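Below: one structure, written as structure tokens.
Residue numbers (UniProt numbering): 1 to 170.
Pasting the structure below:
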């Protein structure tokens with residue numbers, strides 16, 4: 001925004017992509033939810049590889065995780081209170097073994113499905129992202145972090161959903 005204002009500043013009102021960078025998660029969710037036309041919400045969701053209900057649910061869970069982190073709360077061994085909806089469509093990038101979440105409802109109410117949803121969105125908007133590799137490295141570097149308490153199955157990285165993103169993207 002600063003760059004926009006200090007350069008030519010035309011048009012007088014900044015483009016939407018500049019303005020969106022200034023929004024909080026909560027404001028972004030309200031903006032998307034309050035779009036009058038469902039087809040507009042669906043168009044946004046489609047760009048991210050999901051449908052509108054999933055988008056809203058996932059954004060709400062990202063907001064919750066962000067708020068927990070911002071207030072130095074814990075993400076392990078605790079239910080989040082807001083949970084990402086699980087996709088039903090095979091068109092959504094998701095676990096190849098989704099039963100790991102269906103089998104254990106406690107697991108579905110922890111951090112793990114949020115991490116899966118983030119990688120799902122990244123699969124669409126940034127297919128060469130190294131986020132999954134950095135997540136795996138962070139967890140490997142901190143073996144005392146209780147993965148089970150965050151809902152991660154012990155063999156989480158072997159699901160091909162993860163393993164294809166853990167391979168070198170080059």
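All C-beta atoms in this analysis are idealised placements derived from N, C-alpha and C, irrespective of residue type, glycine included.
Bear in mind that the values here come from a model prediction, so they are computed numbers and not experimental data.
Using a Cβ-Cβ cut-off of 7 Å (strictly less than) and excluding sequence neighbours within five positions of residue i, which residues of its own chain qualify?
i, result
"residue 129", "122"
"residue 63", "25, 26 and 29"
"residue 132", "119, 162, 165 and 166"
"residue 68", "75"
"residue 179", "Because the chain is modelled from 1 through 170, residue 179 falls outside the range shown and cannot be assessed."
Please classify residue i as buried or exposed, where buried requires at least 16 neighbouring CB atoms within 10 angstroms.
i, result
"residue 105", "exposed"
"residue 110", "buried"
"residue 118", "buried"
"residue 58", "buried"
"residue 74", "exposed"
"residue 143", "exposed"
"residue 138", "exposed"
"residue 11", "exposed"
"residue 13", "exposed"
"residue 113", "buried"
Report, in whole angstroms, the separation of the C-beta atoms of residue i and residue j, which I expect to be a contact under 8 Å.
i, j, result
"residue 94", "residue 84", "About 11 Å; that fails the 8 Å criterion."
"residue 96", "residue 155", "That pair is no contact at about 12 Å."
"residue 54", "residue 116", "12 Å between Cβ atoms; not a contact."
"residue 124", "residue 48", "6 Å"
"residue 107", "residue 149", "Contact flag wrong, Cβ pair sits at about 10 Å."
"residue 171", "residue 60", "Since the first residue shown for the chain is 1 and the last is 170, residue 171 is missing from the structure and cannot be characterised."
"residue 153", "residue 78", "The pair is not a contact, with the Cβ atoms about 18 Å apart (cut-off 8 Å)."
Which same chain residues end up closer than 6 Å to residue i when comparing Cβ atoms and leaving out the 5 residues on each side of it in sequence?
i, result
"residue 52", "41, 42 and 45"
Looking only at its own chain, which residues have a Cβ that is under 8 Å from the Cβ of residue i, when we skip the five neighbours before and after it?
i, result
"residue 89", "51"
"residue 157", "136, 163 and 166"
"residue 145", "76 and 139"
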